[in-house]
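Visitor:
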Amino acid sequence: MQSKDPLHGITLKTIVEKLVDYYGFDTLSELIPIKCFTSNPSVKSSLTFLRKTDWARKKVEELYIKSIPKFPIN
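Numbering (our numbering), first residue to last: 64 to 137.
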């Protein structure tokens, strides 16, 4: 039986990398104005912040879920 949770089996690293690939840090910082996207952004620093900050991680996960239909099919 497959999970109905769209985040099931998706790591935070994959989520951040897909969002960065699709939007870039400039657009991400406009969509979610958090320091890890606005000030000297990198995937590594973003992961560190998001793993410690539940409210920010939730915002990133929500954007990812909304963006899934826009992502190119690999």
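From the three backbone atoms N, C-alpha and C, an ideal C-beta is built for every residue, glycine too. All of these numbers come straight from a predicted model, not from anything done at the bench.
Looking at F100 and F112, is the spacing between their C-beta atoms short of 7 Å?
Guide: Along the sequence shown, one-based indexing puts residue 112 at 49. Along the sequence shown, one-based indexing puts residue 100 at 37. Not a contact, by the Cβ cut-off of 7 Å.
Visitor: Please report the Cβ distance between V79 and S109, rounded to the nearest whole angstrom; I am assuming they are in contact, meaning their Cβ atoms lie under 8 Å.
Guide: Along the sequence shown, one-based indexing puts residue 79 at 16. Along the sequence shown, one-based indexing puts residue 109 at 46. Rounded, the Cβ-Cβ distance is 5 Å, consistent with contact.
Visitor: In whole angstroms, what is the alpha-carbon distance linking I97 and E124?
Guide: By 1-based counting over the sequence shown, the position of residue 97 is 34. By 1-based counting over the sequence shown, the position of residue 124 is 61. About 14 Å.
Visitor: Considering only their Cβ atoms, is the gap separating P69 from I128 smaller than 7 Å?
Guide: In the sequence shown, the residue the question calls residue 128 occupies position 65. In the sequence shown, the residue the question calls residue 69 occupies position 6. Cβ atoms of I128 and P69: closer than 7 Å.
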